[in-house]
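This report concerns only the one structure given below.
Number of protein chains: 2
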Amino acid sequence: MRPTMKDVASAAGVALKTVSRVVNGEPGVHPATAERVRAAIDRLGYSRNESARGLRRGMTATIGLVIEDVADPFYAGLSRAVEDVVIAHGCLLLSGSSGEEPGREREVVETFCARRVDGLIVVPAGDDHAYLRGELETGTPVVFADRPPGSGIDVDTVLADNAGGAERAVRHLLAHGHHRIAFLGDDPAIYTAAERLAGYRRALGGLFDPRLVAMRTPALDDVRADLGRMLALDEPPTALFTGNGRLTVTALRALEGRRLALVGFDDFELADLLRPGVSVVAQDPAWMGRVAAELLFRRLRGDGGPPEHVELPVRLIPRGSGELPTP
Amino acid sequence: MRPTMKDVASAAGVALKTVSRVVNGEPGVHPATAERVRAAIDRLGYSRNESARGLRRGMTATIGLVIEDVADPFYAGLSRAVEDVVIAHGCLLLSGSSGEEPGREREVVETFCARRVDGLIVVPAGDDHAYLRGELETGTPVVFADRPPGSGIDVDTVLADNAGGAERAVRHLLAHGHHRIAFLGDDPAIYTAAERLAGYRRALGGLFDPRLVAMRTPALDDVRADLGRMLALDEPPTALFTGNGRLTVTALRALEGRRLALVGFDDFELADLLRPGVSVVAQDPAWMGRVAAELLFRRLRGDGGPPEHVELPVRLIPRGSGELPTP
DNA sequence: GTGAAAGCGCTAACAG
DNA sequence: CTGTTAGCGCTTTCAC
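If you read the protein sequences in the order shown, they are chains D and L.
Counting in our numbering, the first sequence runs from 99 upward without gaps.
Counting in our numbering, the second sequence runs from 99 upward without gaps.
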């Protein structure tokens, strides 16, 4: 049904290999012959089968990206940036969501490997990446982004300065007179959540009070309950540090207008339009995506140096909520 | 380097075909032989090469999705839903961004076709899809989502009730006493923008005033200028209808606190947390994605009926901004 | 139950 | 400059 090189060859009255030469822009074809071949290609509507090409060449010009969820703005931004770099290198991007489940992460990675991607960028959901060993041994480069790999493997990694950013946020609140600063974080099993907790503790030092810390998946009811419990303490918090974008938004809903000073990790659209504007520690997802992709292509170009560990800075954006004074 | 079926075969002391039978769960293999083969597979870390399989079978178990930009929440939600359906059917999703450029759209589609995807879901950027003819003739099903195909081709399509939703939004504002209702829309060359303008006009009837309409790509400065011009009129607008999510947000920024009644097309996170809450006409991107994907798989299952044209309803969510009275 | 041979569409390695 | 041959890793067909 669909025309192949063979069809083009017989249509143009040349050998298969000549068509291949023309299609691939290889030198050593007489202009007139090339023209005849091109005419046949147009006439038949031929397009090269990339799978067959990949099979023969041993490279598929394909990169796999595993993220938690495309519908999360952070990962959507990262994806877009990765896609741009991948396209610029003439490759195709496969991307898949792990939904924060280690099992799915592995399935997605294995699906990509079965398609013989040339390289992988992974935002891990699990903390056991021994299953990647075989893939790494066959020479497929892997870059981890946002979170480091778990047990045993050591590869290029791009992380944000999670602990430093959290510390910065909390110091900012301390500087505005708060000493009772609560922390709402994601499940501490997640690397970024644990790092941000560490930064929070480091900034607070002796002021740390475990009753002001709640870490779990950000469901509205849970957050409401956690905040309610904290605010009912004898010495309730006067400020809040939230550990990611979703938690910041959920906390805003749960607060229902109660004026607590607030700094959130991750920037989000409309943070500036709320009253007061929401102060945040902002990461740059596109930057992270670009760096991860560039690192991967450097490996693909043959760079065999030791694994690189890049840490991207974050920046504090004061917008009002983090500068509220103590009551 | 990487083990092939041949390697597994010799490791297990059987013929290639027997390995193939085991890998594909075909019947007619002695349990003991199958066990030996499975052991060899595990020992060597074998995984079937899906490209080679696809090449031989003529189907790649791959679906292509072309959207405008993954980083846009609407398309991110649509993508995620498509991905879920595609995975549930045991296929892999390729997705690419057109960036609203017809040329890129075509490039992405052609890249996918060169990989021999089994089907395509397209949110078109251009309005000429004659280039898809060849692909359709070879039997690759195509579903259009969010916007219909342009010239000449007629395929399954899933659209939202754009005109109806816009009409609903404007009637809502009229019901609250406004007669000077401005419209900020995207470039009218974009199907959804044109439809929403049509709905706006239909609702306004004789109240329509072209000076209250501005349609172009939503850059903040442009929106600010357009709004400024409208508000300086003798009879300035007392209400505003914005034609998509990005425009709603941009308009909110440009308004800088001036209290105009407002209804926006597209829901967005935090619309409920702003003061007043932003009333919107909401589409369901995940629903659109699911319907498009299901339609595609129905075709893949062999349904040869005439093209379907699905229109998804939208719903008005009043949150305050659309219920503001006239000054 | 099992296996040998052919071939999917392409490129690499050599001939002419 | 052009063509022939082999083979990438797999499934299909048919023979044992």
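Using N, Cα and C, we set each Cβ at its ideal position, and we do this for glycine too.
At 8 Å on the CB atoms, spell out the chain D contacts of residue i, in chain order.
| i | result |
| --- | --- |
| Ala359 (chain L) | Within chain D, no residue comes near Ala359 (chain L); the closest Cβ sits about 17 Å away, beyond 8 Å. |
| Ala212 (chain L) | Ser145, Arg146, Asn147 and Glu148 |
| Leu372 (chain L) | Leu368, Leu371 and Leu372 |
Residue i touches chain L at which residues, Cβ-Cβ below 7 Å?
| i | result |
| --- | --- |
| Thr236 (chain D) | Met99 and Arg100 |
| Thr209 (chain D) | Leu190 |
| Val215 (chain D) | Per Cβ cutoff of 7 Å: no residues; Val215 (chain D) is ~10 Å from chain L at best. |
Tell me the rounded alpha-carbon separation between residue i and residue j.
| i | j | result |
| --- | --- | --- |
| Val168 (chain L) | Gly175 (chain D) | 8 Å |
| Leu393 (chain D) | Arg213 (chain D) | 21 Å |
| Leu271 (chain D) | Gly248 (chain D) | 33 Å |
| Gly283 (chain D) | Thr255 (chain L) | 43 Å |
| Val376 (chain L) | Arg300 (chain D) | 40 Å |
| Thr348 (chain D) | Pro246 (chain D) | 27 Å |
| Ala267 (chain L) | Pro171 (chain D) | 27 Å |
| Val215 (chain D) | Asp365 (chain L) | 37 Å |
| Ala228 (chain L) | Pro200 (chain L) | 12 Å |
| Phe281 (chain L) | Leu329 (chain L) | 12 Å |
| Asn147 (chain D) | Thr209 (chain D) | 20 Å |
| Leu153 (chain D) | Tyr173 (chain L) | 33 Å |
| Val240 (chain D) | Glu293 (chain L) | 46 Å |
| Asp182 (chain L) | Arg396 (chain L) | 16 Å |
| Asp244 (chain L) | Phe242 (chain D) | 34 Å |
| Leu318 (chain D) | Leu234 (chain L) | 47 Å |
Write down the C-beta distance between residue i and residue j rounded to the nearest angstrom, noting that I regard them as a contact closer than 8 Å.
| i | j | result |
| --- | --- | --- |
| Ile219 (chain D) | Ala384 (chain D) | So it is not a contact: roughly 14 Å between Cβ atoms. |
| Asp192 (chain L) | Leu192 (chain D) | At residue 192 (chain L) the sequence reads Leu, which differs from the Asp that was named. The pair is a contact, with the Cβ atoms about 6 Å apart (cut-off 8 Å). |
| Ala223 (chain L) | Glu198 (chain L) | 5 Å |
| Val180 (chain L) | Gly263 (chain L) | Going by Cβ atoms, the distance from Val180 (chain L) to Gly263 (chain L) rounds to 22 Å, so no, they are not a contact pair. |
| Thr290 (chain L) | Pro425 (chain L) | Not really, about 31 Å apart at Cβ, beyond 8 Å. |
| Ala132 (chain L) | Val120 (chain L) | 5 Å |
| Thr158 (chain D) | Ser149 (chain L) | 7 Å |
| Gly297 (chain L) | Ala273 (chain L) | About 15 Å separates the two Cβ atoms, so there is no contact after all. |
| Thr116 (chain L) | Val135 (chain L) | 6 Å |
Identify the contact partners of residue i in chain L, using a Cβ-Cβ distance below 8 Å as the criterion.
| i | result |
| --- | --- |
| Glu181 (chain D) | Val168, Gly194 and Ser195 |
| Pro171 (chain D) | Ala169, Pro171 and Ala174 |
Using a Cβ-Cβ distance cut-off of 8 Å, determine whether residue i contacts chain D.
| i | result |
| --- | --- |
| Val164 (chain L) | no |
| Leu272 (chain L) | no |
| Arg136 (chain L) | no |
| Val120 (chain L) | no |
I want to verify the contact list: residues of chain D whose CB lies under 7 Å from the CB of residue i, in sequence order.
| i | result |
| --- | --- |
| Thr158 (chain L) | Ser149 |
How about residue i: is its C-beta nearer than 8 Å to some C-beta of chain L?
| i | result |
| --- | --- |
| Val347 (chain D) | yes |
| Leu350 (chain D) | yes |
| Ser177 (chain D) | yes |
| Leu153 (chain D) | yes |
| Gly232 (chain D) | yes |
Validate contact between the region 370-388 of chain L and the region 274-282 of chain L using beta carbons, cut 8 Å, 3 pairs: For the pair of segments examined, the region 370-388 of chain L was found not to touch the region 274-282 of chain L: the number of CB pairs separated by less than 8 Å stays below three.
Three or more C-beta pairs below 8 Å linking the region 304-318 of chain D and the region 340-358 of chain D: Here the region 304-318 of chain D lies against the region 340-358 of chain D, with 3 or more beta-carbon pairs under 8 Å apart.
Three CB pairs or more closer than 8 Å across the region 318-326 of chain D and the region 350-366 of chain D: Contact between the region 318-326 of chain D and the region 350-366 of chain D is present, because at least three Cβ pairs lie under 8 Å.
Contact between the region 399-407 of chain D and the region 178-193 of chain D (3+ Cβ pairs under 8 Å): These segments do not touch.
Stretch-stretch touch, CB-based, cutoff 8 Å, three pairs: the region 137-145 of chain L with the region 100-113 of chain L: Counting Cβ pairs under 8 Å, three or more are found: they touch.
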